[in-house]
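To start, the structure under review is shown below, and the notes come after it.
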Amino acid sequence: ERKKNVMPDEQTSDGPMRPGEKQPEEKQINGVPTVQELETLKDVMTNTSHENYRGVKVWFIRPDENATPMLAKYENDGKGKPTPENACAGDCCSKRGISRSANGDMVILPLSRVETKGIMGLEGTLYHELGHHEQYMKYKSLEFVGPFAKNKSNELAKEMGWVAGKEQPLFKDKTGGLWSHNEEDGTFRFDSGSLPKDGKRTLDQLQMRERALVKPITTYFDNAMEMHAEALSMYRMGERADIRGGRQYLATDSPKLYETIKKFDQASIDKKMGQDEQGHSKFVRGLDGRLVENTSTTRQLIEQREAAWRASGSIDPPLPARTHKRHK
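Here this note's numbering is used: the first residue of the sequence shown is 400, the next is one more, and so on.
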């Protein structure tokens, strides 16, 4: 009712295939998810049950037919028309077999299927991509800053340190500098504002992360949308034994971003679950990532843990840089 799993051997692109043929990046064949993968998908969707996933198609791409060097991608054009890179051909030419991204298509690529749990595995990827679905459903755009961005998404981007530039979004540093992201090599280049005292005009992701006015939670922050989705994933995974993979890591390593994400998440929950007559949220996100009733005991427990996280300070060294991005 809420989502659709794609049938095995359906394709996300047109064009004939021969058995055993390695597919180029634009040709991807759906496979069969494992029981563990389906359980992970179920858990993630249960923890984000405030969002409407009706009509979203989930693709688990076969590892023997695709070697695309990224983890996943989410597409939604708002029109429901198959695009050239997302049409279905051959025996699966039917309405069900065509990728219609008005409802959203979540394509899980082989690299994200190596590990099931954790921020770097399938679990983190699912939270990230479903976060993009939520972004689109809320703002009707996958741009937070730019000509197609909505006012509310611009406000959210500004809270995270992103502003509009003449040609592309710019990211603020702590000393008043503005930096643009270079898609070619992944670096950040000085654009305007106050030049850093060391005179550097090009920074890698780790350097930019440390200089940022609002610190990204991972090294994947090419734009505001990705920075938001990564932090949302970390927050919704809940408290974890692995300090670098849960809500407490976001709270200790980037307190400003933590508060922005917490506010966004609660507003999303309230929209579905509602508030009481006094304006209090009926449900909140518990420490384990699940939605729970907003009782005084729950609030006290969360406040105590957040205070303990703040007292512990930032974690060093930072989360390792990604070998592969989640998507383009």
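Glycine residues also receive a C-beta, built at the ideal position from the N, C-alpha and C atoms. Computed from a prediction, not measured in an experiment: that's the story for all the values here.
Secondary structure of residue i, DSSP reduced to three states
i	result
asparagine 429	strand
aspartate 442	helix
glycine 585	coil
serine 680	strand
glutamate 692	strand
lysine 614	coil
lysine 549	coil
glutamate 542	coil
leucine 649	helix
alanine 556	helix
arginine 798	Within the shown structure, residues of the chain are numbered from 400 to 727, placing residue 798 beyond reach of any answer.
glutamate 450	coil
glutamate 436	helix
alanine 640	coil
arginine 600	coil
glutamate 420	Confidence at glutamate 420 is low in this model, with a pLDDT of 46, below 50, so the placement of that residue should be treated as unreliable; the coordinate-derived value is given next. It is coil, neither helix nor strand.
tryptophan 708	helix
Continuous beta strand (DSSP E) stretch holding residue i: start and end
i	result
isoleucine 507	504 to 507
leucine 525	No beta strand (DSSP E) contains leucine 525, which is instead part of the alpha helix (DSSP H) from 521 to 538.
lysine 459	Rather than lysine, the amino acid found at residue 459 in this sequence is phenylalanine. It spans 455 to 459 - the beta strand (DSSP E) in which phenylalanine 459 sits, taken as one unbroken run.
Boundaries of the alpha helix (DSSP H) in which residue i is found, first to last residue
i	result
leucine 656	654 to 672
leucine 631	623 to 635
Presumed contact (8 angstroms Cβ cut-off) between residue i and residue j, rounded CB distance
i	j	result
threonine 439	leucine 521	5 angstroms
lysine 670	valine 613	Not really, about 24 angstroms apart at Cβ, beyond 8 angstroms.
phenylalanine 543	asparagine 622	7 angstroms
glutamine 361	threonine 515	This structure cannot speak to residue 361, because the chain is shown only from 400 to 727.
arginine 588	threonine 601	5 angstroms
One or two residues paired with residue i in a DSSP bridge
i	result
leucine 577	Lys571, Ser591
glycine 701	According to the sequence displayed, residue 701 carries isoleucine and not glycine. DSSP lists no partner for isoleucine 701.
tryptophan 561	Phe570
serine 472	The residue asked about is misnamed: residue 472 is lysine in this sequence, not serine. DSSP, once it has assigned bridges, lists Val506 as partnering lysine 472.
leucine 605	Per DSSP, none; premise fails for leucine 605.
Quiz item: Within the chosen definition, does the segment 511 to 526 reach the segment 544 to 560 through at least 3 CB pairs nearer than 8 angstroms?
Solution: no
Exercise. Determine contact between the segment 574 to 594 and the segment 526 to 542, defined as no fewer than three beta-carbon pairs at a distance below 8 angstroms.
Key: no
Quiz item: Are the segment 631 to 644 and the segment 688 to 695 touching, with three or more C-beta to C-beta distances below 8 angstroms?
Solution: yes
Quiz item: Is the number of C-beta pairs between the segment 569 to 579 and the segment 605 to 625 that are closer than 8 angstroms three or more?
Solution: yes
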